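Q:
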Amino acid sequence: MNPALQALLQANPLIWQGREATTARRGLPTGFAELDEALPGGGWPHGTVVELESPTRGVGELSILLPLMRHLSKASWIIWIAPPHIPYAPALAQQGIDLRRLLVLGTRLSERDLLWSMERVLRSTACGMALAWPGALHHRAVRRVQLAAQAGGSLAFLLRPLDAGPSPAALRLRLTPRERGLKVDVLKARGAPRRTGILLSPSPLDFRPPDPPSAGT
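So the sequence shown is numbered by my numbering: it starts at 576 and just counts up by one.
1) For the structure I just gave you, are there three or more beta carbon pairs, one from the segment 714-733 and one from the segment 680-697, closer than 8 angstroms?
2) Tell me, to the nearest whole angstrom, how far the beta carbon of A744 is from that of L733; I am working on the premise that it is less than 8 angstroms.
3) Quick check on G772: buried or exposed, where buried means 16 or more other Cβ atoms within 10 Å of its Cβ?
4) Do the segment 628-638 and the segment 599-613 make contact, defined as three or more Cβ pairs closer than 8 angstroms?
5) Flag this pair as touching only if the segment 672-682 and the segment 621-629 have three or more C-beta atom pairs under 8 angstroms; answer yes or no.
6) Taking only the alpha-carbon atoms, compute the straight-line gap between W655 and A764 and give it to the nearest angstrom.
7) Sort P752, L689 and L762 by Cα distance to A731 and report the nearest one.
8) Which residues mark the beginning and the end of the alpha helix (DSSP H) in which S692 is found?
9) If I measure Cβ to Cβ from G671 and keep anything under 7 angstroms in the same chain, skipping five residues before and after, which residues do I get?
10) Look at the alpha carbon of P741 and the alpha carbon of P768, and state the distance between them as a whole number of angstroms.
11) Which residues bound the beta strand (DSSP E) around A705?
12) Do G710 and A739 count as a contact pair if the criterion is CB distance below 8 angstroms?
13) Helix, strand or coil, according to DSSP, for L637 in the structure here?
14) For G772, report the span of its beta strand (DSSP E) as first-last.
15) Look at G618 and G728 and say whether their C-beta atoms are less than 8 angstroms apart.
16) Quick one, are the C-beta atoms of L647 and T605 less than 8 angstroms apart?
17) Straight-line CA distance for L757 to P777?
18) Work out the CA separation of P752 and P833 for me, nearest whole Å.
If you want it as structure tokens, here you go:
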């Protein structure tokens, strides 16, 4: 390798090198065989950032993460950072998630506080996965989250709107609701070709408690 190029790569850890995809260990199963087949490593990649883009909230973005949350809650912390609503604990418990290992950090955080929180929890080896609901994030901010996830061996999920813009995240999925489930398009996956039209039928997950019965019922 050219000495100048080698020095640049060593000095700047933010530069991704293609060989990472070939040396990565096997991913964590998503719980959906069709999705595992489309992802490099056969599942969610360790120590990285995954972006889930959707036209609106509540299309099933949390549902496809249920199998992973169920698995990781047996031994690791699952941390939700600034969710749009307080999660409905009974629904999560019904899905087999250990609530003793679920932590919610605020519902209204500035971008600066959200980023600070993401970095801190991801660097903790006790955190299995962290979820956040940011709007637009600068490329450098996403790379900082990536470095934190890599350092702690954790998974970071950023749930973002479709108009959030391009991102340096290692894995990007677009979620589109369908009558009988969810369509998943793999927009970006290091070490794997782009895949579109993956149809999943995840278990529904309610974000909020059901409405109380109306008077007279």
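Just so it is clear, CB atoms sit at the ideal spot from N, CA and C, and this is done for glycine as well. Quick caveat: nothing in here was measured; it's all calculated off a predicted structure.
A: According to the data block:
1) Under the three-pair Cβ rule at 8 angstroms, the segment 714-733 counts as touching the segment 680-697.
2) 7 angstroms
3) Label assigned to G772: exposed.
4) no
5) no
6) Each residue's CA atom was taken as its position, placing W655 and A764 some 24 angstroms apart.
7) L689
8) E686 to R698
9) R645
10) When rounded, the distance between both Cα atoms is 18 angstroms.
11) C702 to A707
12) yes
13) coil
14) R770 to L775
15) no
16) no
17) 8 angstroms
18) With the chain covering only 576 through 792, there is no way to say anything about residue 833.
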